[in-house]
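Numbering (this note's numbering), first residue to last: 16 to 91.
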């Protein structure tokens, strides 16, 4: 295995882990937002919904789609 391939594989693995963490955190924030909304804490719910949306966008689109998928498709 060449060093370039090893570096590229490690890079894709790290981007995949970051995307997974951001997506999981965004999902958790959205779920918590719904819990706060149900209990009547509207401002906290809206704040968590906004943060969760940003985390989901960054995880799914910003990293998983633009970084990971683009690199995987480019190396086929």
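Note that the Cβ used here is the ideal one computed from N, Cα and C, for glycine as well. This one's a predicted model, so the numbers in the text were calculated from it and none came from an experiment.
Using the Cβ count rule (16 or more neighbours within 10 Å means buried), how would you classify residue 34? Around the C-beta of residue 34, 16 or more other C-beta atoms lie within 10 Å, and the residue is accordingly described as buried.
With DSSP run on the structure shown, which of helix, strand or coil describes residue 90? coil
For residue 97 versus residue 48, is the C-beta spacing smaller than 8 Å? Absent from the model: residue 97. The displayed extent of the chain is 16 to 91, so no value can be given.
On the CB-based measure, 16 or more other CB atoms within 10 Å of its CB, does residue 55 come out buried or exposed? exposed
Reduced DSSP secondary structure (H/G/I, E/B, other) of residue 41: Helix at residue 41.
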